[in-house]
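Numbering (the UniProt record's numbering), first residue to last: 2 to 198.
Yeah, the Cβ is synthetic: ideal placement off N, Cα and C, and Gly gets one too.
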Ligand code: GTP
Ligand code: MG
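As structure tokens, this is what we get:
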């Protein structure tokens, strides 16, 4: 799919302030600093579209981007950010869960996982929660440029093994890099296919 336009629409925490749910929507979620905002920029080939930072906790709101005037990409705040206060984390849980559980035009959630790490409980728990609620999700392993593909593949296999304890069917996955756009066109192809359904 060609990206003809990519525009920031709005940032919110309130469900009733989100854009009307009239177009297909795809949300990026994962631990703070895993590379959600960077991957949105790489996929859309718009460097400053989503705000990125070396410091975890950069994205704090639900950010909607309108792509090709036809569908939304959504950048969400990360989970597991240790410096956030307990109250903030509880708040995060509330509004993100409300969004994930009730957004009617949400086609699929992309769960981003750092490909350099062995399976982390926080990511597995998050996948389990999505599965439990029947929310479709795809695994996106990030930062592939930071290590050999062999090492990434080993971590992907371990992650699948861990998920296999809970899921009969393991969700599809992509290995990506925001640095060299590895996997970005494959993610766009998937979105295109879902949009056409
Ligand atoms: P929060 O908004 O805080 O939850 O973080 P995020 O998941 O949006 O991460 P962000 O995109 O801001 O990236 C975090 C850091 O990782 C930044 O310094 C990015 O430059 C770096 N980064 C993200 N993706 C990649 C990648 O694929 N390769 C490399 N080498 N660095 C990356
Ligand atoms: Mg971010």
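Residues in the same chain with beta-carbon distance under 7 Å from residue i, minus the five sequence neighbours each way, listed in chain order, please.
| i | result |
| --- | --- |
| residue 161 | 171 |
| residue 123 | 32, 80 and 81 |
| residue 120 | 159, 160 and 163 |
| residue 91 | none |
| residue 185 | 43, 44 and 177 |
Can you give me the start and stop residues for the alpha helix (DSSP H) that residue i sits inside?
| i | result |
| --- | --- |
| residue 4 | It is not in any alpha helix (DSSP H) - residue 4 carries neither H nor E in the DSSP assignment. |
| residue 28 | It is not in any alpha helix (DSSP H) - residue 28 instead sits in the beta strand (DSSP E) that spans 26-31. |
| residue 155 | 150-165 |
| residue 75 | No alpha helix (DSSP H) holds residue 75; the beta strand (DSSP E) holding it covers 72-76. |
| residue 189 | 185-197 |
| residue 132 | 122-134 |
If you drop the 5 nearest sequence neighbours on each side, which residues of the same chain put their C-beta closer than 6 Å to that of residue i?
| i | result |
| --- | --- |
| residue 174 | 140 |
| residue 10 | 20, 65 and 67 |
| residue 2 | 189 and 193 |
| residue 8 | 67 |
| residue 105 | 22 |
| residue 183 | 145 and 177 |
What residues match up with residue i in a beta bridge as DSSP calls it?
| i | result |
| --- | --- |
| residue 44 | DSSP, once it has assigned bridges, lists no residue as partnering residue 44. |
| residue 176 | 142 |
| residue 111 | 29 and 139 |
| residue 39 | BP columns for residue 39 are empty, so no partner. |
| residue 103 | None; residue 103 has no bridge partner. |
For residue i and residue j, I'd like the C-alpha separation in whole angstroms.
| i | j | result |
| --- | --- | --- |
| residue 107 | residue 24 | 9 Å |
| residue 57 | residue 169 | 33 Å |
| residue 195 | residue 110 | 12 Å |
| residue 39 | residue 129 | 25 Å |
| residue 100 | residue 153 | 31 Å |
| residue 1 | residue 102 | There is no way to answer for residue 1, as the model of the chain reaches only from 2 to 198. |
| residue 89 | residue 44 | 30 Å |
| residue 70 | residue 6 | 7 Å |
| residue 78 | residue 51 | 12 Å |
| residue 47 | residue 181 | 14 Å |
| residue 125 | residue 4 | 32 Å |
| residue 167 | residue 34 | 26 Å |
| residue 36 | residue 127 | 17 Å |
| residue 198 | residue 191 | 11 Å |
| residue 54 | residue 97 | 21 Å |
| residue 1 | residue 28 | This structure gives no information on residue 1, because the portion of the chain shown stretches from 2 to 198. |
| residue 133 | residue 112 | 15 Å |
| residue 22 | residue 177 | 28 Å |
| residue 187 | residue 72 | 17 Å |
| residue 42 | residue 165 | 31 Å |
| residue 59 | residue 75 | 15 Å |
| residue 18 | residue 26 | 15 Å |
| residue 49 | residue 156 | 30 Å |
Let's see if you can read the secondary structure: which residues bound the beta strand (DSSP E) around residue i?
| i | result |
| --- | --- |
| residue 63 | 63-68 |
Please work out which residues of its chain come closer than 8 Å, Cβ to Cβ, to residue i, disregarding the five sequence neighbours upstream and downstream, and give them in chain order.
| i | result |
| --- | --- |
| residue 150 | 176 |
- Query: If we count Cβ pairs, one from each stretch, closer than 8 Å, do we get three or more for the segment 110-128 versus the segment 138-158?
  - Reply: Counting C-beta pairs closer than 8 Å gives three or more between the segment 110-128 and the segment 138-158, which meets the contact rule.
- Message: With a threshold of 8 Å, are at least 3 pairs of Cβ atoms found where one atom belongs to the segment 62-78 and the other to the segment 14-28?
- Response: yes
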